[in-house]
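For reference, the structure is listed below as structure tokens.
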Amino acid sequence: MKIAVINTGGTISCVGNPLGPMTASDFASACETIMNPILLQKFPGLRIDYITDLVFPESKSGTLDSTNLQPTDWCLLGAYILNHYADYDGWVVLHGTDSMDFTGTALPFLLSCFDARGVATAALSKPIVITGSQVPMFYQDPTTKALSLNYNTDAFQNFCGAVASAQTGIPEVCVYFDSNLFRGSRVLKTNASEFDAFSSPNYPALGQYGVAFTLHADNVQPPPVSFAVSLDNTTARSAAIAQLADIQACINAFPVMQFNAFPGWYNTSNSTAILANLITACVGQGIKALILESYGEGNFPSGNPDTPSAGAIYKALDQANEAGVVILDCTQVIRGVVNDSAYAAGAWLPAVGALSPADMTPTAAFAKVMVLLAAAKHNGWSLADVKQLTQLDLLGEMMSVSRLDSRSNAALLAGQSISALDGSATLSNDPARGPILTTSTGAVLWTALSSPPPDEMPGRLVMQDDGNLVFYGRYNGALWATNTGDARGASSLLILGGSTSDESLYLQVYDYSANTATITLYQQANADIEKGRPMKSSSTPRRFKFSGIAAPEDTRHRITFAALGGPAPDEHQIAPTTVNVTITSPPPTRVIGVPQYAKTVRGTSNSYNPAGDCDGSFMSSRFQPNNNCYAYGCNIATNTFPQPGRASGNLLTLDTLDGATVAAYATKDGLIEVGKDMASLFAFASSRKGTQGALDGHFVALMISPPGDANWPGDYHWARCDDNVEFRSWSQKDGNDQVTNFDFAGNPIRDPAKANWQVNQGPIQPDKTAPDYNPNDLIVEYAFYCYMFVPNTGVNIL
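In this note's numbering, the protein residues as written are 1 to 798.
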């Protein structure tokens, strides 16, 4: 086990009278001499590296009292961890106590990436434990300058506990203080003069250190849903590093301010108020988000008790919202949940755009919204996306109000509910009726059970980790289910999204391990449920790119036509060869010329070997554009951009682009259709192996994307099996670009029928002045059609 210790500064690494900071190097030397022998008593195999090359430039010592830490220092800390992530099993960050609770939220958000839905695309997989102390770790003799352990210091136990916590594998940023391990985004500094400086008012501790160290597994965040999104994956980590670099470059342009409610003067007759003046001044200074620290459950003075909309404070916040300032209605009360609709004194806040952060602390809200705003441009998020993400539980920083997660808050017990973010609809587990979706006025939109059996009620609604949403009755029998389960696991969310206010409400099960919606239980007319953003169309076709079929503007692979029996003119000056083929279907009979850019190369191995397959034809810049997904699936580099059926005289056109036709044409090329499920594949493999004990070929999977509007005329796609034993490793050639064993969402392809084949095909034309330029995303999805078998001999494609 290898742990890194980063000393940012603070009381824990101060010495002298008056206290002054030690350099990171001096503190490291002292720890190696005094602390390491003690730590090795408990952890004899532990290796501790004290980091001395991370410097905070504001201070001559290179360390900072946390009073002086600023957002760019969070970025320095996060970047160091990401750039050395693979070197260590865990991290301890020594930090001053004054702003430790801010860093406890900022750091996990700086180390993570999300899509606009709030699904992690890069996730922490190792512990990062922040600690400090109220009393310095070391005492320095005033005469000899020798260092020793300080009398009655809490630093010793905090450091030991943090080192122990960093070896647990907990995939979180934590704060360890006074024998308690807390989630970093949940802590507040609540005591300035005692050792129990921090508490976690709205979330239980992750662990305690008494005589022994005890972890509470149910309170800990789950690990990354797959290796594809783990920071252990170099691709995911590179994405996080790139995002953090962009955040660091712009984070100072997104200042956030915490704004306390207090009994200030206001005048209803001329609509003025001291709070309104201060809010206006803040916005004038370029504040991008206001964290209101309201009274009680979220009540804030409006400036006019009888008519809030006429109040000066109401108007000031409304103007801030119109100016694009994000407003969060937190509470200055240490513990509890914001419910701004409980009192008239807070019910007006949503009208000025104030968002509800549930039980998130003001410090967590401050750091979270700042990082999200700074990351928006990098991720292509709109302000609406940022506002939605701010209200979603992304890393355990707040209670989840609109979702169930199969790996954390998975169940609704009788009487419990989730709600749309704006409160316009609620999914409740009614004790007598079971799951029921209603509007804020009580109108029923959807129910799971039309006639619930009274003797089985109440029940519980469970979002299972196999992807199945199930309602269990009193005696543990399943009374209703979505039947979307996958025995191999399908970590999923039950999402109540959108709003009834614009008819965009939807209730959906979303498999975030595969990034696909598995079932939509309810949707209104404007619900955006499939793509995250609406699929927009234009009245005229625009350029598009294919993986299987040559696009119309792709002159390089355009076939040539000639009369039967006559020569096939070569319109492709670059192609050294044109292969003539007689096409009989569809009629009329004619000869076409297929441009060929190099000789055909047949592969000899079924393993995943992109650089070696067919002499590298699928990867080299010279040949890869001419060998598409069908060539890769068959493991034959024809260098003709082959199409199913063309070698046998069948021309695939957009008018005949459907699964049955593509599969039938592939059969004419020598492939064998197997079936539509894994059971059929295994049965075929068993039969095909026979007494030989080995397959004489490999499997492929066919996916079809049917025609849409003028923007999408349709396409097919192939994936190839690289494992002839368990059939759990597949790969694909993704357009002209690359060979990969990941699907379009970056997940390893274990079963093409379960993989994510949704892809953003646009905008394709980069030239904004071009007549076919269209700025809209064109998001399409390929649906699995069937498995086929490619024998080692007898297959001919062109």
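Backbone N, C-alpha and C fix where the C-beta goes; we use that ideal spot for every residue, glycine too. All of these numbers come straight from a predicted model, not from anything done at the bench.
State yes or no: is the C-beta of residue i nearer than 7 Å to some heavy atom of the ligand FMN?
| i | result |
| --- | --- |
| Asn627 | No copy of the ligand FMN occurs in the structure displayed, which carries no ligand at all. |
With distance defined between alpha-carbon atoms, name the residue in the options nearest to residue i.
| i | options | result |
| --- | --- | --- |
| Pro576 | Thr584, Ala598, Tyr716, Ser133 | Ala598 |
| Gly9 | Gln134, Asp232, Asp405 | Gln134 |
| Tyr472 | Asp511, Pro431, Asn270 | Pro431 |
| Asp154 | Gln70, Ile12, Pro127, Val337 | Ile12 |
| Tyr630 | Tyr608, Val790, Asp141 | Val790 |
| Gly298 | Ser269, Pro357, Trp265, Ser271 | Pro357 |
| Asp696 | Leu355, Arg407, Met703, Phe684 | Phe684 |
| Tyr85 | Gly45, Ala4, Met360 | Ala4 |
| Gly132 | Pro108, Phe114, Cys174, Val119 | Cys174 |
| Lys668 | Ser648, Asp677, Met678, Leu657 | Ser648 |
| Ile636 | Thr656, Asn650, Gly612 | Gly612 |
| Asn796 | Ala24, Val601, Tyr176 | Val601 |
| Leu427 | Leu54, Gly434, Ile418 | Ile418 |
| Thr272 | Thr234, Leu290, Asp178, Asn304 | Asn304 |
| Met678 | Val725, Ala694, Gly690 | Val725 |
| Ala425 | Thr441, Gly434, Thr268 | Thr441 |
Alpha carbon to alpha carbon, how far is residue i from residue j?
| i | j | result |
| --- | --- | --- |
| Glu530 | Leu412 | For Glu530, the pLDDT reaches just 48, beneath the cut-off of 50, and the residue's location in the model is therefore unreliable, leaving the point undetermined. |
| Ser813 | Val579 | Any property of residue 813 remains undetermined from this structure, which presents the chain solely from 1 to 798. |
| Trp718 | Arg646 | 16 Å |
| Ser537 | Lys733 | Any answer about Ser537 is weak, because its pLDDT of 35 lies below 50 and its placement is not dependable; what the coordinates show is given next. Cα to Cα, the separation comes out at about 27 Å. |
| Asp422 | Gln524 | 16 Å |
| Asn7 | Leu64 | 9 Å |
| Tyr522 | Leu505 | 8 Å |
| Ser499 | Leu404 | 18 Å |
| Asn158 | Arg117 | 37 Å |
| Phe156 | Ile327 | 41 Å |
| Gly603 | Leu657 | 28 Å |
| Leu651 | Tyr512 | 39 Å |
Helix, strand or coil for residue i per DSSP?
| i | result |
| --- | --- |
| Gln508 | strand |
| Tyr475 | coil |
| Leu469 | strand |
| Ala146 | coil |
| Phe641 | coil |
| Lys689 | helix |
| Gln332 | coil |
| Arg107 | In the sequence as presented, Arg is not what sits at residue 107; that position holds Leu. Note: Leu107 maps to helix in three-state DSSP. |
| Ser341 | coil |
| His84 | coil |
| Glu456 | helix |
| Ser607 | coil |
| Thr740 | strand |
| Val780 | strand |
| Val369 | helix |
| Thr190 | coil |
| Phe727 | coil |
| Ala598 | coil |
| Thr8 | coil |
Am I right that residue i and residue j are in contact with their C-beta atoms under 8 Å? What's the rounded C-beta distance?
| i | j | result |
| --- | --- | --- |
| Ile51 | Asn36 | That pair is no contact at about 15 Å. |
| Pro642 | Leu798 | 5 Å |
| Leu124 | Pro171 | 5 Å |
| Gln167 | Met1 | 5 Å |
| Phe259 | Leu292 | 6 Å |
| Val444 | Thr482 | Wrong, their Cβ atoms sit about 19 Å apart, outside the cutoff. |
| Met457 | Ser492 | Actually they are not in contact, since the Cβ atoms of Met457 and Ser492 sit about 25 Å apart, beyond 8 Å. |
| Ser302 | Trp348 | 6 Å |
| Ser200 | Arg183 | 7 Å |
| Asp722 | Tyr632 | Not really, about 11 Å apart at Cβ, beyond 8 Å. |
| Phe109 | Val371 | 4 Å |
| Asn756 | Asn515 | 5 Å |
| Ala414 | Asn429 | 5 Å |
| Ser294 | Gly346 | 7 Å |
Within 8 Å (strictly less), CB to CB, does residue i reach chain C?
| i | result |
| --- | --- |
| Ala240 | Looking at the structure shown, chain C is missing, and only one protein chain is on hand. |
contact_flag[the region 88-107, the region 180-191] where n(CB pairs < 8 Å) is 3 or more: yes
Between the region 238-251 and the region 265-282, can you find at least three pairs of beta-carbon atoms closer than 8 Å? no
Quick test of the definition: if touching needs 3 or more C-beta pairs under 8 Å, does the region 222-231 touch the region 742-750? yes
Assess, as a yes-or-no matter, whether the region 198-215 is touched by the region 376-388 under the definition of 3 or more beta carbon pairs within less than 8 Å. no
Under 8 Å, with one C-beta from each stretch per pair, do the region 298-308 and the region 370-385 reach the 3-pair mark? no
Examine the Cβ distances between the region 13-23 and the region 133-148 and report whether three or more of them are shorter than 8 Å. yes
Three or more C-beta pairs below 8 Å linking the region 485-501 and the region 456-474: yes
Counting pairs of Cβ atoms below 8 Å between the region 701-708 and the region 782-789, do you hit three or more? yes
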